[in-house]
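Enquirer: Chains as they are written, first to last, in numbering that gives the first Met the number 0: chain A, 0 to 311; chain B, 0 to 311; chain C, 0 to 311.
Ideal placement from N, C-alpha and C gives every residue a C-beta, glycine not left out.
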Amino acid sequence: MKHYTSIHDIDDINSWIADAKALKQAPLQDVTLGKDKTIGLLFFNSSLRTRLSTQKAALNLGMNPIVMNVSGDAWGIEFGDGTVMDGNTAEHIKEAAAVVSQYCDIIAVRAFPTLTDKTKDESEQVLKSFVTYASVPIVNMESATGHPLQGLTDALTISEHAKVAKPKVVLSWAPHVKTLPHAVANSFVQAMQKMDVEFVITHPEGYDLNPEITGNTPIIYNQEEAFANADFVYTKNWCSYSDYGKILSEDPNWMITKEKLGDAKFMHCLPVRRNVVVEDAVLDSDSSLVIQQANNRTYAAQLVLKKLLENL
Amino acid sequence: MKHYTSIHDIDDINSWIADAKALKQAPLQDVTLGKDKTIGLLFFNSSLRTRLSTQKAALNLGMNPIVMNVSGDAWGIEFGDGTVMDGNTAEHIKEAAAVVSQYCDIIAVRAFPTLTDKTKDESEQVLKSFVTYASVPIVNMESATGHPLQGLTDALTISEHAKVAKPKVVLSWAPHVKTLPHAVANSFVQAMQKMDVEFVITHPEGYDLNPEITGNTPIIYNQEEAFANADFVYTKNWCSYSDYGKILSEDPNWMITKEKLGDAKFMHCLPVRRNVVVEDAVLDSDSSLVIQQANNRTYAAQLVLKKLLENL
Amino acid sequence: MKHYTSIHDIDDINSWIADAKALKQAPLQDVTLGKDKTIGLLFFNSSLRTRLSTQKAALNLGMNPIVMNVSGDAWGIEFGDGTVMDGNTAEHIKEAAAVVSQYCDIIAVRAFPTLTDKTKDESEQVLKSFVTYASVPIVNMESATGHPLQGLTDALTISEHAKVAKPKVVLSWAPHVKTLPHAVANSFVQAMQKMDVEFVITHPEGYDLNPEITGNTPIIYNQEEAFANADFVYTKNWCSYSDYGKILSEDPNWMITKEKLGDAKFMHCLPVRRNVVVEDAVLDSDSSLVIQQANNRTYAAQLVLKKLLENL
Chain A
0 MKHYTSIHDI DDINSWIADA KALKQAPLQD VTLGKDKTIG LLFFNSSLRT
50 RLSTQKAALN LGMNPIVMNV SGDAWGIEFG DGTVMDGNTA EHIKEAAAVV
100 SQYCDIIAVR AFPTLTDKTK DESEQVLKSF VTYASVPIVN MESATGHPLQ
150 GLTDALTISE HAKVAKPKVV LSWAPHVKTL PHAVANSFVQ AMQKMDVEFV
200 ITHPEGYDLN PEITGNTPII YNQEEAFANA DFVYTKNWCS YSDYGKILSE
250 DPNWMITKEK LGDAKFMHCL PVRRNVVVED AVLDSDSSLV IQQANNRTYA
300 AQLVLKKLLE NL
Chain B
0 MKHYTSIHDI DDINSWIADA KALKQAPLQD VTLGKDKTIG LLFFNSSLRT
50 RLSTQKAALN LGMNPIVMNV SGDAWGIEFG DGTVMDGNTA EHIKEAAAVV
100 SQYCDIIAVR AFPTLTDKTK DESEQVLKSF VTYASVPIVN MESATGHPLQ
150 GLTDALTISE HAKVAKPKVV LSWAPHVKTL PHAVANSFVQ AMQKMDVEFV
200 ITHPEGYDLN PEITGNTPII YNQEEAFANA DFVYTKNWCS YSDYGKILSE
250 DPNWMITKEK LGDAKFMHCL PVRRNVVVED AVLDSDSSLV IQQANNRTYA
300 AQLVLKKLLE NL
Chain C
0 MKHYTSIHDI DDINSWIADA KALKQAPLQD VTLGKDKTIG LLFFNSSLRT
50 RLSTQKAALN LGMNPIVMNV SGDAWGIEFG DGTVMDGNTA EHIKEAAAVV
100 SQYCDIIAVR AFPTLTDKTK DESEQVLKSF VTYASVPIVN MESATGHPLQ
150 GLTDALTISE HAKVAKPKVV LSWAPHVKTL PHAVANSFVQ AMQKMDVEFV
200 ITHPEGYDLN PEITGNTPII YNQEEAFANA DFVYTKNWCS YSDYGKILSE
250 DPNWMITKEK LGDAKFMHCL PVRRNVVVED AVLDSDSSLV IQQANNRTYA
300 AQLVLKKLLE NL
């Protein structure tokens, strides 16, 4: 593995899950592996879990994390090819990525989509530019269309909490007041497709994810029907993909409640808006796995960094 | 001690002062105590001394500091119970505090008061929410009503510079152009009440601090009278407590001058506005202890972190 | 050397270049020198290379870097002497510098010029205030009139890539859309004046740098003439010095092209605006040394920090 940009970079999800569990048992087992190595965490967007858990993962490997809010700490980066840079951007990604590669052994990047320009978002311009122009491994800390550190975390969490050999996992859309990306949902879908689970997706009509990602995964437009006998309900809002970037529904009937959930475990990548996406009664109960998920972010990131370090 | 949120968490101030002095003599004596441990410094507000000295203290103990400006680096946090989060806040403190506890062995928090909503400020909503929902020790890096790292620092500084067994210490209000919190004054009052000093407070009428905090401490509305035979003059502006958040006076006659100070030592938590709160002639003289105080911030923080680490 | 504020702090540039090359060969040779030592990086302005390379340099020496965006993380600093601080600044540099000296063994500062007040800029108020009021060594991470870490980097890069004993080096102005400082150009001029090179400066009339800095260095107003037989073309935009802060020309004929460059190597401190300052064809070719320059920032900074640490 040269980079970790998508769930497709995982060759064997079951062995990765086993490795992550082993790291979680003894997080400091590789504390000399990253000695005198530096990871640059570049944020084009806000972050809490990713910012902290990736730093923690790096520290567990003995690495030195250097964190930078690109726009706030530096200046606007240009991604266009051949641009006459007489506008608001002060440095081209060709230089920026190559330069940061001089100081960091690994570069991790967070860059959200525009949600207005589908073609641009699907081109993954920022992430792919780093892959192209950097000379060190790139880690995706959530890009326009994927959040593979979260997807790996979620696979690990489901594996830890499954009580049957082949659990039923439901990805459910839920309402939200803001236009949100598809990245977390996409990576979750891709992770579940690699696992031995019964996996279905449920959302209102008009909210179908990219069909190239969902593939053969069953889509059920009736949430109650989808939830029948579920072991895990993974919840996330996203905006319309076909009517790109639009909010087509804020229907509160899609909010997750304790009653709907039944015996299933509740999962969410966080941050979550209480009583909009899910009611308090779910999050405040033992049915919720959201804090365990957040904890697993450390070990997913640590496994990815470990594999990249071993390959340097 | 499970948390350090107030001066009341100090069981025996004289033994703490002795311990802090010992740390100051040999700051690296416990450099392995915090090995592979992480402290998260969460700032809801600006900071210079606290930001740097708490990092320095953590480094002296071998800890890894992770610093985060909550609003700038992440997003708005919701503290209300049962809120339908369809507004500007994106994550509830219940999740945020529990999540950060997954990555940090100690969490330190700075969150200033509104100075418009007395009930809310006195409830210490932010600090207490972290205590309630985090699963690790919480350190108060200045909250709505207290700044106990500063209070401990001040007690240490007075102990170091006292030339008599029971020095006279005066807390004096001074003018300022902005509405400032009571936190520093409150913690200083509480620290002095635990020490063997002759302690009086002086301020214009209408500026009485919370009477539950000042208790039996004498309050003198005449600054000159209060300063008579003082060994230490601790100066701080605060807004009115009774007429909450209001500036009732900017009377320059309350500014501290070399003449007023006499042989007393001048103390201030900093930042201080020169020639508004205190004249240059004081700060630029040997009567000023403000830099020594700032230095002691490291050892006060280090002692608190050491005690918390020993108790993990 | 007590501080590193200007190229004039370099006693013997050839021996410094040799030392920097040795560090580059074995960057971790002094990894215990900075153990338990802290460097504070204080940014009054944006930074990418300087921010990352100085941290990397400190880490290579085993130091703990603490980074702070002064305005964003703290508040406005007052530099005026005797000011009645009833305005927007909350802390005086006298306190700020002395206080930061309590927590950091070395302080590095970036503070750009106003480009509107020549007298103030030339007084180097911010940098000199730190030198005056701090009690630890100060490193200039780009001040109003100089960028000596860059100048040392550039000298090192030229030394590495020179193919003749006394190469011809041209400093060329190039167009830009914004008003830019003279700092990089000044330090480059001062560095070249110390080296055994044939050095000329070229720019449109009206763009003469401070004559006290350029001294006897030949100035040629015809770019083509200046470039004849050049080995290195160092490019940089700056605003007018005589008509202080003004943009007198955006003439695209001064942009650097592959054709103009010929066999010379292209150098720039970055960030660079593509197709405004220099065309893509130059930056995307082997003639460009900009990434190698960026890499050398680490070793220039590391040499400076090493010398300061050895002198503590």
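Counting only beta-carbon atoms, is B/Arg-273 nearer than 8 Å to chain E?
Expert: This model lacks chain E altogether; the protein chains it does include are A, B and C.
Enquirer: Do B/Ala-97 and B/Asn-74 come within 8 Å of each other at the CB atom, strictly closer than that value?
Expert: The sequence given here places Trp at residue 74 of chain B; Asn does not occur at that position. Cβ atoms of B/Trp-74 and B/Ala-97: not closer than 8 Å.
Enquirer: Name the residues in the stretch 39 to 58 of chain B whose C-beta lies less than 8 Å from a C-beta of chain C; which are they?
Expert: Correct list: Phe-42, Ser-45, Ser-46, Leu-47, Arg-48, Arg-50, Leu-51, Ser-52, Gln-54, Lys-55 and Leu-58.
Enquirer: Taking the straight line between their C-alpha atoms, what separation do you get for B/Val-163 and A/Val-30?
Expert: Their Cα atoms are separated by approximately 52 Å.
Enquirer: Taking A/Ala-313 and A/Met-254 to be in contact with their CB atoms under 8 Å, please state how far apart those CB atoms are, rounded to whole angstroms.
Expert: Past the boundaries of the shown model lies residue 313 of chain A; chain A is included only from 0 to 311, so the question cannot be answered.
Enquirer: If we count the other Cβ atoms within 10 Å of its Cβ and call it buried at 16 or more, is A/Pro-136 buried or exposed?
Expert: Answer is buried; the Cβ neighbour count reaches 16.
Enquirer: Please list the partners that C/Ile-65 has in chain B, where partner means a Cβ-to-Cβ separation under 7 Å.
Expert: In chain order: Leu-51 and Gln-54.
Enquirer: For A/Pro-251, is the classification buried or exposed, using 16 other Cβ atoms within 10 angstroms of its Cβ as the cut-off for buried?
Expert: By the neighbour-count rule (16 or more Cβ atoms within 10 Å), A/Pro-251 is not buried but exposed.
Enquirer: Which of the three DSSP states is assigned to C/Tyr-102 in this structure?
Expert: Three-state result, C/Tyr-102: helix.
Enquirer: Short of 6 Å in beta carbon distance, which residues of its chain neighbour B/Val-125, apart from the five on each side in sequence? Order them along the chain.
Expert: Only Ala-110 meet the Cβ criterion.
Enquirer: How would you list, in chain order, the residues of chain C whose beta-carbon sits under 8 Å from the beta-carbon of A/Glu-223?
Expert: By Cβ distance, chain C contributes nothing, its closest Cβ being about 49 Å from A/Glu-223, past 8 Å.
Enquirer: By Cβ distance, which residues of its chain are closer than 6 Å to A/Lys-55, with the 5 residues on each side in sequence left out?
Expert: Here the set comprises Thr-297.
Enquirer: Is there a Cβ from chain C that is less than 8 Å from the Cβ of A/Val-83?
Expert: Yes, because at least one Cβ of chain C sits closer than 8 Å to the Cβ of A/Val-83.
Enquirer: Are the CB atoms of B/Gln-149 and B/Val-183 nearer to each other than 8 Å?
Expert: Against a cut-off of 8 Å, the Cβ pair of B/Val-183 and B/Gln-149 comes out as a contact.
Enquirer: Give the range of the beta strand (DSSP E) segment to which A/Asn-59 is assigned.
Expert: Careful: A/Asn-59 lies outside any beta strand (DSSP E), inside the alpha helix (DSSP H) at 48 to 59.
Enquirer: Check each candidate in C/Trp-237, C/Gly-244, C/Ala-229 and C/Ser-70 and name the one with the smallest Cα separation from C/Ile-157.
Expert: It is C/Ala-229.
Enquirer: I want to see whether chain B comes within less than 8 Å of C/Thr-31, judged by CB atoms only; does it?
Expert: Answer no: the Cβ-Cβ gap between C/Thr-31 and chain B never drops below 8 Å.
Enquirer: Distance check for A/Leu-40 and C/Gln-291, CA to CA, integer angstroms please.
Expert: Roughly 22 Å separates the two Cα atoms.
Enquirer: Going along the chain, which residues of its own chain have a beta-carbon closer than 6 Å to the beta-carbon of A/Leu-247, five neighbours each way excluded?
Expert: For A/Leu-247, where only same-chain residues beyond five positions count, the Cβ hits under 6 Å are Gly-205 and Ser-239.
Enquirer: Considering only residues of the same chain and omitting the five flanking positions on each side of B/Ala-95, which have a CB-CB separation below 6 Å?
Expert: Ile-76.
Enquirer: I want to see whether chain B comes within less than 8 Å of C/Glu-90, judged by CB atoms only; does it?
Expert: Yes, C/Glu-90 counts as interfacial toward chain B.
Enquirer: Buried or exposed: where does C/Asp-10 fall if 16 or more other Cβ atoms within 10 Å of its Cβ makes it buried?
Expert: That one is exposed.
Enquirer: Could you give the residue range of the alpha helix (DSSP H) that holds A/Ser-186?
Expert: Looking at the DSSP string, the run of the alpha helix (DSSP H) that includes A/Ser-186 is 182 to 193.
Enquirer: Please report the distance separating the alpha-carbon of B/Ser-52 from that of B/Ile-200.
Expert: Approximately 28 Å between the Cα atoms of the pair.
Enquirer: Roughly how many whole angstroms lie between the Cα atoms of C/Thr-216 and C/Thr-152?
Expert: Taking the straight line joining both Cα atoms gives about 20 Å.
Enquirer: Would you please verify whether the beta carbon of B/Thr-37 is less than 8 Å from any beta carbon of chain A?
Expert: Interface residue, yes.
Enquirer: Assuming A/Cys-0 and A/Leu-307 form a contact by the criterion Cβ under 8 Å, report the distance between their Cβ atoms to the nearest whole angstrom.
Expert: Per the sequence shown, the amino acid found at residue 0 of chain A is Met instead of Cys. Yes, they are in contact, since the Cβ atoms of A/Met-0 and A/Leu-307 sit about 7 Å apart, within 8 Å.
Enquirer: Is the CB of C/Val-98 under 8 Å away from at least one CB in chain B?
Expert: It does: the Cβ of C/Val-98 has a partner Cβ on chain B nearer than 8 Å.
Enquirer: Taking A/Ala-225 as the reference, which of A/His-7, A/Gly-214, A/Glu-197 and A/Glu-249 has the closest Cα?
Expert: Measuring from the Cα of A/Ala-225, the nearest candidate turns out to be A/Glu-197.
Enquirer: Smallest Cα separation from B/Ser-171: which of B/Ser-122, B/Ala-161 and B/Val-232?
Expert: Selected option, being the one with the closest Cα: B/Val-232.
Enquirer: From the DSSP output, read off the bridge partner residues of A/Ala-167.
Expert: Reading the sequence as shown, one finds Lys at residue 167 of chain A and not Ala. DSSP, once it has assigned bridges, lists A/Glu-197 as partnering A/Lys-167.
Enquirer: What's the call for A/Asn-59, buried or exposed, on a 16-neighbour Cβ count within 10 Å?
Expert: Classification of A/Asn-59: buried, given that the 10 Å Cβ count is 16 or more.
Enquirer: With DSSP as the reference, label B/Tyr-3 as helix, strand or coil.
Expert: B/Tyr-3 falls in the strand class under three-state DSSP.
Enquirer: In chain B, which residues lie less than 8 Å from C/Asp-72 when you measure between Cβ atoms?
Expert: Ordered by position in chain B, the residues that pass the 8 Å Cβ test against C/Asp-72 are Phe-42, Ser-45, Ser-46, Leu-47, Arg-50 and Asn-68.
Enquirer: So A/Asn-63 is in the beta strand (DSSP E); what residue range does that whole segment cover?
Expert: Where A/Asn-63 is concerned, the enclosing beta strand (DSSP E) stretches over 63 to 68.
Enquirer: Below 7 Å between beta carbons is the criterion; list the residues of the stretch 283 to 309 of chain B that meet it against any residue of chain C, in chain order.
Expert: Those residues of the stretch 283 to 309 of chain B that come within reach of chain C (Cβ to Cβ, closer than 7 Å) are Val-289, Ile-290, Ala-293, Asn-294 and Thr-297.
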